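**Student:**
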C-alpha cells in the first residue's frame with residue numbers, strides 16, 4: 001500500500017450486484033491500495049441481511065485501515081439502483097430488493113465517519129471526468145456496458161441527475177419497438193440485446209442450449225472471433241443495438257465523447273471498431289463524438305465514491321464541487 | 001403599448017422559417033407590445049438576401065421603437081437551426097441555407113446595439129422557465145411541436161446546450177427503425193410522423209390526395225374529431241410517435257415536467273389527453289412527469305430572446321445568468 005498523505009484517506013466503496021469493491025483514496029483520487037473485491041451473495045437473501053453485510057464490511061474495512069495507521073477521514077459509497085444523493089437514501093435496488101434504505105445514516109452511525117452516498121454509474125463518471133478518459137471534456141457520456149447498460153451524463157465534470165435521480169437510463173431506451181420484454185417492464189430496451197446476460201441468453205436461445213456454456217458474454221465474443229456464426233450474429237446484434245442507443249444519446253445530449261466502460265467495454269476492437277463505424281454511419285446532422293474506452297476499468301465506481309467523499313469534506317470549507 | 005420602465009426595453013426577435021416575430025421586452029420579461037409578425041419569404045431566396053431582410057427588419061424595428069421614445073438597450077435574437085451562442089454565429093439553418101453566418105456581429109454593426117444571439121427553442125425554454133409553465137421547476141423539457149419537433153432541456157432555469165450546441169434534437173430521435181426517410185437523412189425520426197407537415201403529408205398519402213386540402217395539421221386534427229377515419233389514424237400515429245419520443249426523453253433526462261408548445265401544442269385535449277394516457281402506460285420504472293401545455297404560445301421565442309438580452313446586459317455588471 002502507498003503511504004497516505006498527511007491529509008489521510010477516505011474509504012471508497014462501490015456496492016454492486018455481486019461484489020462490494022473498496023479502496024482507500026487520496027485527495028487527488030489516487031487509490032492507495034489495489035481495489036479489493038468482497039462478494040455480496042445477494043441471491044435469496046433478505047434486503048435487511050444485505051444491508052447488514054454492507055455495514056459489516058464497511059466497518060471492517062475502516063477498522064483495518066485504522067489498524068494500519070491510516071487516518072480515515074470519510075466514507076464515500078456508490079451504489080447501484082436509484083440513489084437519492086441529497087437524502088442519502090437508496091430509493092430502489094432491483095439487485096438487493098431495497099426500498100428507501102437510509103444507507104448514509106446507517107453507515108454514519110456504524111462507522112462514526114462522515115458518509116456521502118452516490119450512484120455507481122454517476123460516481124464512475126466523476127472518476128473518468130477527473131482522472132480518466134473524460135479529463136478536460138465539458139460534455140461527455142460515460143456508458144458502462146456490463147450486466148446492463150447505463151449512462152452518466154457529465155457536464156463540466158458533474159453528473160446530471162435529472163429531477164428524480166433517474167437520468168441517463170440509457171439501458172432502457174427502446175431501440176426495437178415491440179421487441180423482447182425487458183426486466184424493467186418495457187419491450188425492446190437496448191438492455192435486452194446488449195448487456196452481458198442478454199448476450200448470453202440470446203446465444204443460448206439461438207444455439208438451442210439449455211443452460212450450460214457459454215457462461216458469460218466474453219465467451220460469446222471470443223466464439224464470434226473464432227468463426228461461430230451464432231455468436232457472431234448475437235454480437236453483431238448487440239453492437240447494433242448499442243449503436244442505436246448511442247445515436248439516441250448523441251442526438252439528445254450532443255456529447256464530445258462517449259466513454260464506454262463496464263465488462264463488455266473491455267472487448268477492445270471487437271466492440272470499438274464496429275461501434276465507431278456504425279455510429280458514424282447512423283449519424284447525419286449530429287456531430288460524431290469520439291468513442292473511447294474507459295480508462296479506470298472496474299475501479300471507476302470506487303475512486304468516484306472516494307472523490308465524492310473528499311468533495312463532501314471540501315464542501316464544509318467551501319471548496320467542494322457541487323452536483324447539479 | 002405599455003410604457004417602458006425607466007430602465008428602457010430590449011427588442012426581442014424570433015427568426016423562424018416563415019416569419020420574424022418581434023416584441024419590446026421589459027426587464028421582467030413582460031412584452032411592452034403585442035408580438036408582431038413579419039414574413040420572411042425564405043423560399044427561393046439566396047441565404048445572403050435573407051440575412052439582409054433580417055438586418056433591415058431589426059434596424060426598422062429599433063428605429064420605430066426609438067421614434068416612440070423607447071430607450072432600446074439591446075437586441076436579443078433567437079434563431080432556428082444550429083446556433084453557437086458563444087460565437088454569436090448561426091452555424092447552420094436548413095430553412096435559410098445559412099452556413100456560419102456571424103449574425104451577432106452583423107446585427108450589432110447595423111443597429112449599434114449590444115446583441116445576444118440565442119436558439120429559438122432554448123430561448124423559448126428560458127421564457128417558459130421564468131415566465132410560463134416551467135416556473136419553479138428544476139428540470140423540465142420544453143417541447144415545441146410545430147413544423148418539426150424540438151426540445152430544450154432546462155436545468156435550473158438554464159438550457160443544456162450539449163458540446164456543440166446541438167443538444168435536445170428530440171425531433172430526430174428514431175422511433176420507427178427503418179421507417180420513412182427524414183429530411184435529416186435518418187429513417188423513422190419522430191418528425192416524420194408528428195410534425196405539422198408530416199401529419200399533412202401522411203393524410204394526403206393515405207387519402208390518395210395530390211396536393212390540395214387539407215393545408216395544415218390543424219385541419220387534419222379537426223377532421224379526426226369529425227369522424228374522418230384516415231385523419232383519426234394519422235393523428236393517432238402522430239401522438240403515438242410523440243409518446244415514444246417523450247418516453248425516450250423521460251428515460252434519459254428524468255424531467256419533472258414536459259411542457260408541450262408549438263402549433264400542434266395548441267390542440268388541447270385532442271393532444272394532451274391521449275399523450276398523458278399513453279405516456280403513463282409506456283413508462284415503467286421512470287417517474288411520470290406532468291405533461292402540460294406551454295403558457296406563452298408563439299411569444300416564447302421573442303420573450304426568451306428579450307430575457308437573454310437583459311441577461312447579457314446584467315453580465316456586464318456581474319448580475320447575469322450564465323448558460324451551461
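Residue numbers (UniProt numbering), protein chains in the order written: chain A, 1 to 324; chain B, 1 to 324.
Beta carbons are placed, not taken as given, at the ideal position from N, Cα and C, and that holds for glycine.
These numbers were taken from a predicted model, which means no experiment stands behind them.
1) Whole angstroms are fine: how far does the CA of residue 138/B sit from the CA of residue 110/A?
2) Check whether the Cβ atoms of residue 112/B and residue 76/B lie closer than 8 Å to each other.
3) Which residues share a DSSP beta bridge with residue 140/A?
4) Using beta carbons (cut-off 8 Å, strictly below), is residue 195/B in contact with chain A?
5) Is DSSP giving residue 216/B helix, strand or coil here?
6) Under 8 Å between the Cβ atoms of residue 114/B and residue 108/B?
7) In angstroms, rounded to a whole number, what distance separates the CA positions of residue 207/B and residue 215/A?
8) Looking only at C-alpha atoms, which of 128/B, 236/B, 86/B sits nearest to residue 165/B?
9) Does DSSP put residue 197/B in a helix, in a strand, or in coil?
10) Does residue 17/A have its Cβ less than 8 Å from a Cβ in chain B?
11) Pick out whichever of 150/B, 10/B, 34/B has its Cα sitting closest to the Cα of residue 258/B.
12) Would you kindly report the start and end of the unbroken alpha helix (DSSP H) that includes residue 272/B?
13) Does the separation of the CB atoms of residue 72/A and residue 65/A fall below 8 Å?
14) Please report the straight-line C-alpha distance between residue 182/A and residue 254/A, rounded to a whole angstrom.
15) With H, G and I counted as helix, E and B as strand and the rest as coil, what does DSSP make of residue 48/A?
16) Spell out a yes or no on whether the segment 26-41 of chain A and the segment 301-316 of chain A are touching, meaning 3 or more CB-CB pairs, one atom from each, closer than 8 Å.
17) Express the C-alpha separation of residue 145/B and residue 200/B in angstroms, rounding to a whole number.
18) My output table needs one value for residue 98/B: the three-state DSSP class, helix, strand or coil.
19) Return the first residue and the last residue of the alpha helix (DSSP H) that residue 127/A is part of.
20) Distance, Cα to Cα, residue 234/A vs residue 116/B?
21) Return the chain-ordered list of same chain residues with a C-beta closer than 6 Å to the C-beta of residue 229/B, the five sequence neighbours on each side being excluded.
22) Taking only three categories from DSSP, how would you classify residue 75/B?
23) Strictly under 8 Å for the Cβ-Cβ distance: is residue 314/B near chain A by that measure?
24) So for residue 302/B, helix, strand or coil by DSSP?
25) According to DSSP, which residues form a beta bridge with residue 290/B?
26) Classify residue 40/B as helix, strand or coil using the three-state DSSP reduction.
27) To the nearest angstrom, how far is the alpha carbon of residue 8/A from that of residue 129/A?
28) Around the Cβ of residue 288/B, are there at least 16 other Cβ atoms within 10 angstroms (buried) or fewer (exposed)?
29) What number of angstroms, rounded off, separates the C-alpha of residue 106/A from the C-alpha of residue 311/A?
30) Residue range of the alpha helix (DSSP H) that residue 108/A falls in?
31) When you compare only the Cα positions, how much space is there between residue 296/B and residue 244/B?
32) CB residue 252/A to CB residue 167/B, shorter than 8 Å?
33) For residue 302/A, which option in 197/A, 40/A, 31/A, 276/A has the closest C-alpha, if you only look at C-alpha atoms?
34) Assuming the contact rule is C-beta atoms closer than 8 Å, residue 38/A and residue 57/A should be a hit. Round their C-beta distance to whole Å, please.
35) Between which residues of its own chain and residue 270/A is the CB-CB distance below 8 Å, once the five residues before and five after are set aside?
36) Alpha carbon to alpha carbon, what distance is there between residue 248/B and residue 291/A?
**Tutor:** On the basis of the supplied data:
1) Within the first chain, the letter at position 110 stands for residue 110/A. Within the second chain, the letter at position 138 stands for residue 138/B. Those two C-alpha atoms are separated by around 34 Å.
2) The count along the second chain starts at 1 and reaches residue 112/B at position 112. The count along the second chain starts at 1 and reaches residue 76/B at position 76. No, the pair does not count as a contact, with Cβ atoms beyond the cut-off.
3) Here residue 140/A refers to the residue found at position 140 of the first chain. Answer is 154/A, 257/A.
4) By 1-based counting over the second chain, the position of residue 195/B is 195. Not an interface residue.
5) Stepping through the second chain from its first residue, residue 216/B is reached at position 216. Residue state, collapsed to three classes: coil.
6) Translated into positions along the second chain, residue 114/B becomes position 114. Translated into positions along the second chain, residue 108/B becomes position 108. Here residue 114/B is near residue 108/B, since their CB atoms are less than 8 Å apart.
7) Position 207 of the second chain holds residue 207/B. Position 215 of the first chain holds residue 215/A. Spanning the two alpha carbons is a distance of roughly 54 Å.
8) Locating residue 165/B in the second chain gives position 165, where the first residue counts as 1. Taking residue 165/B as reference, the option from 128/B, 236/B, 86/B with the minimal CA-CA separation is 86/B.
9) Within the second chain, numbered from 1, the residue matching residue 197/B stands at position 197. Residue 197/B: helix per DSSP, three-state reduction.
10) Position 17 of the first chain holds residue 17/A. No, because no Cβ of chain B sits closer than 8 Å to the Cβ of residue 17/A.
11) Translated into the one-based positions of the second chain, residue 258/B becomes position 258. Here the closest residue by C-alpha is 150/B.
12) Within the second chain, the letter at position 272 stands for residue 272/B. Counting along the chain, the alpha helix (DSSP H) containing residue 272/B begins and ends at 269-282.
13) Against the first chain, residue 72/A aligns to sequence position 72. Against the first chain, residue 65/A aligns to sequence position 65. In this structure, residue 65/A lies closer than 8 Å to residue 72/A by Cβ.
14) Translated into positions along the first chain, residue 182/A becomes position 182. Translated into positions along the first chain, residue 254/A becomes position 254. Pairing residue 182/A with residue 254/A, the inter-Cα distance amounts to about 27 Å.
15) Walking along the first chain from the start, residue 48/A turns up at place 48. The answer is helix: DSSP assigns residue 48/A an H, G or I state.
16) Three or more beta-carbon pairs drawn from the segment 26-41 of chain A and the segment 301-316 of chain A are found closer than 8 Å, and the two stretches are therefore classed as touching.
17) For this step, residue 200/B is matched to residue 200 along the second chain. For this step, residue 145/B is matched to residue 145 along the second chain. Taking the straight line joining both Cα atoms gives about 14 Å.
18) Sequence index remark: in the second chain, residue 98/B carries index 98 (1-based). Residue state, collapsed to three classes: strand.
19) Here residue 127/A refers to the residue found at position 127 of the first chain. It spans 120-131 - the alpha helix (DSSP H) in which residue 127/A sits, taken as one unbroken run.
20) Your numbering for residue 234/A matches position 234 in the first chain. Your numbering for residue 116/B matches position 116 in the second chain. Looking at the two C-alpha atoms, the distance is approximately 51 Å.
21) Along the second chain, one-based indexing puts residue 229/B at 229. Cβ contact annotation for residue 229/B (same chain, cutoff 6 Å, sequence separation greater than five): none.
22) Here residue 75/B is taken as the residue at index 75 of the second chain, counted from 1. For residue 75/B, the secondary structure class from DSSP, reduced to helix, strand or coil, is strand.
23) By one-based count along the second chain, residue 314/B stands at place 314. Not a single C-beta of chain A is nearer than 8 Å to the C-beta of residue 314/B.
24) As a first step, residue 302/B must be located in the second chain, where it is residue number 302. Three-state DSSP puts residue 302/B in a helix.
25) As a position in the second chain, residue 290/B is number 290, starting the count at 1. For residue 290/B, which the question treats as bridged, DSSP gives the partners 257/B.
26) The residue given as residue 40/B occupies position 40 in the second chain. Secondary structure of residue 40/B (DSSP, three-state): coil.
27) What you label residue 8/A is simply residue 8 of the first chain in a count that begins at 1. What you label residue 129/A is simply residue 129 of the first chain in a count that begins at 1. Taking the straight line from one Cα to the other gives about 23 Å.
28) In the second chain, residue 288/B corresponds to position 288, counting from 1. By the C-beta density criterion, residue 288/B is exposed, having fewer than 16 other C-beta atoms within 10 angstroms.
29) Taking the first residue of the first chain as position 1, residue 106/A is located at position 106. Taking the first residue of the first chain as position 1, residue 311/A is located at position 311. Computed Cα separation, rounded: 20 Å.
30) Along the first chain, one-based indexing puts residue 108/A at 108. DSSP places residue 108/A in the uninterrupted alpha helix (DSSP H) bounded by 103-111.
31) One-based indexing of the second chain puts residue 296/B at position 296. One-based indexing of the second chain puts residue 244/B at position 244. Distance between the alpha carbons of residue 296/B and residue 244/B is about 25 Å.
32) As a working mapping, residue 252/A is identified with position 252 in the first chain. As a working mapping, residue 167/B is identified with position 167 in the second chain. At a Cβ-Cβ threshold of 8 Å, residue 252/A and residue 167/B count as neighbours.
33) As a first step, residue 302/A must be located in the first chain, where it is residue number 302. Ranking 197/A, 40/A, 31/A, 276/A by Cα distance to residue 302/A puts 31/A first.
34) One-based indexing of the first chain puts residue 38/A at position 38. One-based indexing of the first chain puts residue 57/A at position 57. Under the criterion of beta carbons closer than 8 Å, residue 38/A and residue 57/A qualify as touching, at roughly 6 Å.
35) As a position in the first chain, residue 270/A is number 270, starting the count at 1. Closer than 8 Å at the Cβ level, and outside the excluded window around residue 270/A, lie 221, 224, 225, 235.
36) What you label residue 291/A is simply residue 291 of the first chain in a count that begins at 1. What you label residue 248/B is simply residue 248 of the second chain in a count that begins at 1. Spanning the two alpha carbons is a distance of roughly 22 Å.
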